[in-house]
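*Asks:* Residue numbers (my numbering): 317 to 403.
Ideal placement from N, C-alpha and C gives every residue a C-beta, glycine not left out.
Please read all numbers here as calculations on a predicted model, not as lab measurements.
1. For a test of the three-state rule: what should DSSP assign to residue 351, helix, strand or coil?
2. I'd like to know whether the C-beta atoms of residue 378 and residue 389 end up nearer to each other than 8 Å.
3. For residue 377, write down the residues that DSSP places opposite it in a beta bridge.
4. I'd like the list of long-range same chain contacts for residue 392, defined as Cβ closer than 8 Å, with 5 residues on each side in sequence excluded.
5. Alpha carbon to alpha carbon, how far is residue 361 from residue 383? Give it in angstroms, no decimals.
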């Protein structure tokens, strides 16, 4: 049963990759605005995860030292500091 689930998940992931390459690729070539928007999706998702992990503790909103660290990191990124300094 577990092996079947793993194989099905593998085939699903493989199928999504193929669909992205062969079905979505031509659509993005015809619509450059859509291509630009889809290029921004990974950054938006990562940002949302970081903000959620920084500001949430359980089901409540918490503003503490983690928020101050994120503000400092944001300023450093804005000032184009090296990655090692920001992290």
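*Replies:* In this structure, then:
1. The DSSP-derived three-state label of residue 351 is helix.
2. For residue 378 and residue 389, no; Cβs fall outside 8 Å.
3. Its beta-bridge partners are 372.
4. These residues qualify, in order along the chain: 401 and 402.
5. Distance between the alpha carbons of residue 383 and residue 361 is about 18 Å.
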